[in-house]
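Below: one structure, written as structure tokens.
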Ligand code: AR6
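Numbering (my numbering), first residue to last: 7 to 170.
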């Protein structure tokens, strides 16, 4: 696993992960960027999924994206840390990786789920992301990219990766 700085919508991987909301019908942040880049067929397929619970994940095609698939997961809204946020965030990473394996995918890129509009502190979120993915990769090999959207986030991820 590695961290890079970039726009997740441009990556040529088997799947990119979307930090969605429970409607799966689009929104701001990375969700908006993915829907804009994928085109309107993405929301048409998302409508058929009837939403997604926090901590769960669902897969669709990638349409106009270079990625073949989009794995939509719903991160927790940060509420101070005592509302099962850590457990739910770890579940987002695990369920996304499980879907990738079920679909025989070899590469997957994650944004920093929940750390934008949902307000999860980046350092805590990066620690959960790296440790949850690291544990999963001990059992199932996959190419995992953490796609950071700022140099500051990239530095936080690199510090976490150095601990693994
Ligand atoms: N590529 C990579 N990362 C990005 C991109 C991009 N193109 N655009 C933003 N980010 P957020 P959340 C980063 O707010 O906190 C939506 O409205 C961003 O800088 O996208 O999980 C959904 O519909 C941050 O580091 O997702 C939900 O309602 C990270 O992606 C809600 O926002 C996540 O920020 C979900 O909030």
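Note that CB positions come from ideal geometry on N, CA and C, so glycine has one too.
Computed from a predicted structure; not experimentally measured.
- In the three-state DSSP reduction, residue 58 falls in the coil class, being neither helix nor strand.
- Non-local C-beta neighbours of residue 153 in its own chain, meaning closer than 7 Å and more than five positions away in sequence, comprise 10, 12, 14, 17, 115, 116 and 117, ordered along the chain.
- With a minimum length of 4 residues, the unbroken runs of alpha helix (DSSP H) contained wholly in the region 94-155 fall at 128-145.
- Listed by position in the chain, the residues whose beta carbon lies within less than 6 Å of some heavy atom of the ligand AR6 are 13, 14, 15, 25, 26, 27, 33, 34, 35, 36, 37, 39, 81, 117, 118, 119, 120, 121, 122, 123, 124, 153, 155 and 159.
- Residue 158 and residue 97 have their C-alpha atoms roughly 25 Å apart.
- Within its own chain, the residues whose Cβ lies closer than 8 Å to the Cβ of residue 130, once the five positions on either side in sequence are excluded, are 87 and 92, listed in chain order.
- Per DSSP, residue 23 is not a residue of any alpha helix (DSSP H); the beta strand (DSSP E) it occupies stretches across 21-26.
- Inter-residue distance for residue 57 and residue 79 is about 10 Å (C-alpha atoms, whole angstroms).
- Remark: C-beta atoms of residue 81 and residue 95 approach each other more closely than 7 Å.
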